[in-house]
Each structure stands twice: as structure tokens, then as C-alpha cells.
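In the numbering used here, the protein residues as written are 356 to 629. The beta-carbon is built from N, C-alpha and C at its ideal position, and this holds for glycine as well. Just so it is clear, the structure is predicted and the values come from calculations on it, not from any experiment.
And the structure:
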């Protein structure tokens with residue numbers, strides 16, 4: 356299965372859920388990220404390797420790599436490589452069999468159906484059959500994880516999915532432009548009104564009681580209104596350090612789309628997944 360070369364754009368929590376599912380299914384993808392990724396659920400994101408050099412999520416390890424040669428070496432060792440690729444040039448050089456856009460930008464930032472024999476995207480911003488071969492639904496609810504072969508995913512509403520009876524209330528946002536300084540850490544219990552950090556001295560308060568499931572890395576530059584944290588009202592500590600139900604559902608959809616697309620081959624019989 357190593358002969359099937361897969362690249363995942365993005366290494367946030369959903370992208371990492373996809374990478375983890377593919378890894379457990381016998382594939383070792385290459386992931387690309389920004390130099391300083393703005394990831395909230397850092398404890399379950401392979402993007403954290405960009406800061407720490409190495410991260411393990413539920414028994415699967417990823418390492419930051421500096422070039423394509425190093426990426427291929429780690430891949431042979433069954434370690435997920437995470438490579439900086441802002442321009443997309445690395446993807447062109449790798450020439451993957453399967454490209455998965457998991458950046459969750461809510462819009463297409465340049466991914467094309469011609470980028471690889473099989474191109475899959477997560478969530479809104481893509482039209483299956485035109486921009487990409489398949490889109491996987493990411494909105495919580497009845498259709499979460501569904502593979503779409505023609506048309507778009509459900510449009511972005513800007514309203515987070517409900518967890519424990521709370522939706523937008525569970526998100527922490529930057530009050531102003533500036534640099535974030537953390538006071539609390541992922542896994543900490545917080546009360547409503549409790550300060551979890553600040554941006555240039557302006558406090559960031561939780562509006563509900565619960566547990567910090569996600570928090571952006573200390574010292575990161577943020578803009579006003581940016582999502583910088585996530586409070587889980589269920590206060591389940593395990594959920595802070597394990598892949599979410601949403602990520603697992605989306606990952607299942609990606610695996611289905613990939614295997615189905617490879618079996619069709621889209622006119623390219625050179626793909627070998629066995």
C-alpha cells in the first residue's frame with residue numbers, strides 16, 4: 356500500500372483524523388502545513404510537529420521534515436512527515452496519486468481537479484466533479500462524512516456545531532489584533548467568566564463552564580475575532596487528547612472516496628493500491 360502516494364494539505368484536527376485513519380488502514384500520507392499553523396486542537400493535530408518537531412496522536416507519530424527527501428525517508432519508516440509548503444510547489448514535485456485538501460479554509464485556495472489523478476476535498480468551497488473528484492461533508496448532523504461525487508458540500512453557516520447544548524458560546528475568540536498569551540492549558544477546567552489568556556493585555560474569557568479542549572499556541576499573532584480556543588461543556592478530559600467523532604466520520608468518508616476513486620482510476624491505470 357506504500358506505493359499509493361497520498362498528500363494531505365493541512366494538518367489540523369480534521370486533517371489529522373484523516374491521516375490517522377489512512378495510517379491505520381495501511382497508508383502513510385505526506386502532510387503539508389504553514390510554517391506557523393493556527394491550530395486550536397493542538398493535542399490531536401499533527402500540525403503541532405511544526406512547533407515541537409514531533410507529535411504522537413493516539414499511537415501514530417508525525418515529524419516535521421525540511422525537504423522532500425527527508426519526507427520520503429520518514430514515510431518509508433512509517434512516520435508521517437509534515438512539510439512546510441505555503442506555495443504548493445512541494446505538491447507539484449511529489450506528484451501524488453491522491454491529493455486531499457483538508458485545510459478547512461471554507462473556500463478553494465487553488466486546489467484543482469488536475470493536481471492529481473484523485474483529488475478529494477473536505478467541506479464547503481469545492482464543487483465535486485469540477486474543482487475536485489469528490490467532496491466529503493464536514494457539517495455536523497445527518498450527512499456528516501457523506502461522500503459527494505457531484506456538487507458542493509453544505510454551505511458554511513458560520514455557526515459552530517452544537518456540543519452539550521452550546522454552539523457559538525463554546526468558542527473563544529481574539530478580542531483585538533495582537534499576540535496571544537495563554538494563562539490556561541488544554542485540559543484545564545474553567546468557569547464561566549474565567550480568563551484563559553489575553554491578547555495584548557485584553558482578556559479572553561470563557562462564557563461557559565467546561566474544559567479547555569483546544570487553545571491556540573502561546574505567542575501566536577492573532578486578529579480580532581479569530582477563533583483561538585474551544586471549551587467543551589461536557590468536561591471530558593479524554594476528549595481533549597483523542598480524535599473527535601467528527602474527525603473520525605470525515606476520515607471514514609475520505610477513505611471511502613479514495614478507495615472508490617482509485618478503483619475507477621479516473622482514466623489512470625497506473626494507481627496501485629495493493
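Taking the Cα positions, residue 507 is about 11 Å away from residue 493. For residue 473, the enclosing beta strand (DSSP E) starts and ends at 473 to 477. Residue 522 and residue 514 have their C-alpha atoms some 7 Å from each other.
DSSP, read as helix, strand or coil, puts residue 403 in helix. A distance below 7 Å between beta-carbons, with the five flanking residues on each side excluded, links residue 610 to the following residues of its chain, in chain order: 376, 377 and 380. Counting along the chain, the unbroken beta strand (DSSP E) around residue 566 starts and ends at 565 to 570.
The distance from the Cβ of residue 584 to that of residue 527 is about 3 Å, consistent with a contact at the 8 Å cut-off. Annotation note: the segment 387 to 431 contains the following uninterrupted beta strand (DSSP E) runs of length 3 or greater, listed N- to C-terminal: 409 to 412 and 415 to 420. The three-state reading of DSSP puts residue 524 in helix, counting H, G and I together. Per DSSP, the beta-bridge partners of residue 482 are 507. Separation of residue 538 and residue 466 (C-alpha to C-alpha, rounded to the nearest whole angstrom) is 38 Å. When C-alpha distances from residue 511 are compared across 478, 365 and 383, the shortest belongs to 478. Residue 473 and residue 529 do not touch by the CB rule: their CB atoms are close to 37 Å apart, not below 8 Å. Going by C-alpha positions, residue 464 is about 21 Å away from residue 405. By the neighbour-count criterion, in which a residue is buried when 16 or more other Cβ atoms sit within 10 angstroms of its Cβ, residue 550 is exposed.
Buried is the label assigned to residue 452, since at least 16 other Cβ atoms lie within 10 Å of its Cβ. Taking the Cβ atoms as the reference, residue 567 lies roughly 5 Å from residue 541, within the contact range of under 8 Å.
The beta carbon of residue 488 lies closer than 7 Å to those of 468, 473, 474, 475, 616 and 621 in the same chain, with the five residues before and after it left out.
Within the model, the alpha-carbon separation for residue 608 versus residue 505 is close to 15 Å.
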